[in-house]
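Residue numbers (this note's numbering): 20 to 599.
Think of the CB as a built atom: it goes at the ideal place given N, C-alpha and C, for glycine as much as any other residue.
What follows is a set of notes on a single structure, which appears directly below.
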Ligand code: ADP
Ligand code: TPW
Ligand code: MG
């Protein structure tokens, strides 16, 4: 630090020499120039001083305990803000720890930039065993949208501009920026340095759909007898909330939100078909996909879930042209950004768009009401130990009363049941495991959600899921973030009841029985609560959401309550054999 401060002082100039700047300051200035004022990371050589100088210059630097969590924070910051989230790591091991999150960001179409320090090129390329030697650029390339290395201080402005554009334009994704240690200390004339910086103009240009594409889509939609609109996380990301809502309402069609698309329109909206999912997927005849891919989460658009083969026509709105026809034929591709596409459709619909046939909308509503009524009593049980429904019934009310809180969610049963039970009311309030169904996003997401939005955060975590990022409760306490973590503690993965038939070791899916995760939060000065009934859980969560104090509630769930793999047990290669 002393060295860096001294260098900064000397760089300030004595008056006679030309003022100078260096790599450290150019990177910081380039980020700030582009409105990137928060960095998530873990310090160490060669980026320790960078973090310090950045903090001193007014950038918010959030230090984590593990790079994967910092990377997940950056990725979801990108989703929430439409600006690339920045993650900063050291070389080789730190870089690799951050890489999972970079790949996750790319897979989920979240804009993020992973910036890693790296060792000396000359030594790395000759494989002479430098400190933390690794050809990071080559390793990152297949896992992100774009990867760049900057070797000269004069190129920092261009390097960061390219990284920003690559992350947010078109389909958003992860970008890797490789900064060798030597670059940070490179000195250049300050005025030249200032001129070398680039303020990125229109980083994610609107992409307007062709009028033919819009007309084709409206023709298909108009012919529908049983239309359905599916809203994915791309629609949430686009921040075209009013246009999306107006389009859905004007169409009169039932809509189905994907997990992170929940809240674009409230789950309680009369057109919401969330509680009639199987019916609408099977029986619809025209499906409008808005920022949702026909991947495994939608059974690839075919098979039993989708009813009779070739029984429907798809309209797909997406910024990525290559997404069209990826799984089934798309009758009407509408390529462009969601705001522009949906606005164009709305305009084309004119004032008097016909409502879908009442027998269809009526059948969907009836199914929905039937399912909601079936679920209701289960959500009100006060069993102790709790089952998932009793505990989630409480959390559902918490979010209903605080619709602007952000819900983080991961686990298996804890994820699938919470997704179905907890209604969302506002866009971008539900953030979860995403396209990969990855465990470990929890605490990184919770930190970033609190930092980026200033809202209360409720993290609903399976006990296994929580374990992947649990050490960040210290980070939550250190930054005094308004995060309430509820660990659904059922003693294990899916269930806590497995027994090893062959020896003294515990079964592979179970954890220490009666564990007290609440003590982890207490260890760092936060509030810990052990809740054994829905009433206790309610009191504790309400207190946490009112106070905003870092809180962890160990919610004791019956170890026998869950089911294998939550709702995706069918993807288990052994599941068919076991059923026999
Ligand atoms: P979900 O998991 O919710 O179904 P996906 O991640 O599968 O959603 O799909 C998101 C889609 O949204 C991607 O195909 C991506 O290209 C698209 N997308 C992201 N941002 C935009 C945008 N601004 N405009 C149009 N499409 C977008
Ligand atoms: C990075 C595999 C899917 S779900 C899960 C694992 C380990 C944990 C489920 O247990 P949990 O929830 O969280 O206690 P519950 O309520 O059902 O008991 N490694 C990664 N990602 C995934 N998805 C896995 C492993 C998995
Ligand atoms: Mg569990």
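Pop quiz: residue 60 and residue 43 are said to be a contact at Cβ under 8 Å. What is the actual Cβ separation, rounded to whole angstroms?
Contact between residue 60 and residue 43 does not hold, since their C-beta atoms are separated by about 14 Å, which reaches or exceeds 8 Å.
heavy atom of ligand 3 below 8 Å from residue 512 C-beta:
Yes, the Cβ of residue 512 comes within 8 Å of a heavy atom of ligand 3.
Could you tell me the alpha carbon to alpha carbon distance between residue 389 and residue 325, rounded to whole angstroms?
The straight-line gap from Cα to Cα measures roughly 21 Å.
So is the beta-carbon of residue 164 under 8 Å away from any non-hydrogen atom of ligand 1?
Not a single heavy atom of ligand 1 lies less than 8 Å from the C-beta of residue 164.
Once you ignore the five residues that flank residue 301 on each side, which residues in its own chain have a CB closer than 6 Å to its CB?
These residues qualify, in order along the chain: 326.
Are there three or more Cβ pairs, one per stretch, closer than 8 Å when the stretch 48-58 is compared with the stretch 425-434?
Contact annotation: the stretch 48-58 does not touch the stretch 425-434, with fewer than three C-beta pairs closer than 8 Å.
What is the DSSP secondary structure of residue 337, counted as helix, strand or coil?
Of the three classes helix, strand and coil, the one that applies to residue 337 here is strand, per DSSP.
Measuring alpha carbon to alpha carbon, tell me which of 102, 120, 136 and 212 ends up nearest residue 188.
It is 102.
Take residue 112 as the anchor and find which of 141, 123 and 159 has the nearest alpha-carbon.
The option with the nearest alpha carbon to residue 112 is 159.
Tell me which same chain residues have a C-beta within less than 6 Å of the C-beta of residue 269, skipping the five on either side of it?
Beyond the five residues adjoining it in sequence on each side, residue 269 comes within less than 6 Å, by CB distance, of 368 and 372 in the same chain, given in chain order.
Going by the C-beta, is residue 280 closer than 8 Å to any heavy atom of ligand 3?
Answer for residue 280: no, Cβ out of range of ligand 3.
Do you know offhand how far residue 564's Cα is from residue 470's?
Approximately 16 Å between the Cα atoms of the pair.
Residue of 146, 218 and 209 minimising C-alpha distance to residue 179
For the set 146, 218 and 209, the Cα lying nearest the Cα of residue 179 is the one of 218.
Of the residues 223, 165, 109 and 252, the one placed nearest residue 95, counting alpha carbons only:
Closest by alpha carbon: 252.
For residue 46, which residues in the same chain have their Cβ closer than 6 Å to its Cβ, ignoring the five residues on either side in sequence?
Hits under 6 Å: 175.
Since residue 306 contacts residue 333 with CB under 8 Å, what's their CB separation in whole angstroms?
A Cβ-Cβ separation of about 5 Å places residue 306 in contact with residue 333 under the 8 Å criterion.
For residue 57, the three-state DSSP class (helix, strand or coil):
Here DSSP, grouped into helix, strand and coil, assigns residue 57 to strand.
Hey, does residue 78 have any beta-carbon neighbour from chain C nearer than 9 Å?
Absent here is chain C; the protein component of the structure consists of one chain.
Among 451, 445 and 362, whose alpha-carbon lies nearest the alpha-carbon of residue 285?
The option with the nearest alpha carbon to residue 285 is 445.
According to DSSP, is residue 547 helix, strand or coil?
Three-state DSSP puts residue 547 in a strand.
Quick one: is residue 408 buried, meaning 16 or more other Cβ sit within 10 Å of its Cβ, or exposed?
The residue in question, residue 408, is buried, as its Cβ has 16 or more Cβ neighbours within 10 Å.
Across the stretch 471-478 and the stretch 389-406, are there enough close Cβ pairs to call them in contact, namely three or more that are closer than 8 Å?
Taking 8 Å as the limit for Cβ pairs, the verdict is that the stretch 389-406 does not touch the stretch 471-478.
Would the beta-carbon of residue 36 be found less than 8 Å away from any heavy atom of ligand 2?
For ligand 2, not one heavy atom lies less than 8 Å from the Cβ of residue 36.
Can you tell me whether residue 340 is buried or exposed? The criterion is at least 16 other CB atoms within 10 Å of its CB, across all chains shown.
Burial is judged here by how many other beta carbons sit within 10 angstroms of a residue's own beta carbon; residue 340 has fewer than 16 and is exposed.
Is there contact between the stretch 198-208 and the stretch 119-130, where contact requires at least three CB pairs shorter than 8 Å?
Contact fails: fewer than three Cβ-Cβ distances are below 8 Å.
Would you kindly report the start and end of the unbroken beta strand (DSSP E) that includes residue 79?
Unbroken beta strand (DSSP E) run through residue 79: 79-82.
The beta strand (DSSP E) with residue 208 in it runs from where to where?
Where residue 208 is concerned, the enclosing beta strand (DSSP E) stretches over 206-208.
Between residue 296 and the rest of its own chain, which residues show a CB-CB distance below 8 Å, the 5 nearest in sequence each way excluded?
Counting only residues of its own chain and dropping the five nearest sequence neighbours on each side, residue 296 has a CB closer than 8 Å to the CB of 275.
Which of the three DSSP states, helix, strand or coil, is assigned to residue 503?
Residue 503: strand per DSSP, three-state reduction.
Go ahead and label residue 566 buried or exposed: buried means 16 or more other beta carbons lie within 10 angstroms of its beta carbon, across all protein chains shown.
Exposed: under 16 other Cβ atoms inside 10 Å.
Using 10 angstroms around the beta-carbon of residue 184, count the other beta-carbons present and answer buried if the total reaches 16, otherwise exposed.
Around the CB of residue 184, 16 or more other CB atoms lie within 10 Å, so the residue is classed as buried.
Are there 16 or more other CB atoms within 10 angstroms of the CB of residue 123, so buried, or fewer, so exposed?
Sixteen is the threshold: when 16 or more other Cβ atoms of the shown chains lie within 10 Å of the Cβ of residue 123, as they do, the residue is buried.
What is the DSSP secondary structure of residue 153, counted as helix, strand or coil?
DSSP, reduced to helix, strand and coil, places residue 153 outside both helices and strands of the structure shown, so it counts as coil.
Rounded separation between residue 534 and residue 510 - CA only
Those two C-alpha atoms are separated by around 7 Å.
Exposed or buried, which one is residue 214 when buried takes at least 16 other CB atoms within 10 Å?
Burial call: exposed.
Can you tell me which of 351, 72 and 374 puts its alpha carbon nearest to the alpha carbon of residue 267?
Out of 351, 72 and 374, 374 has the C-alpha closest to the C-alpha of residue 267.
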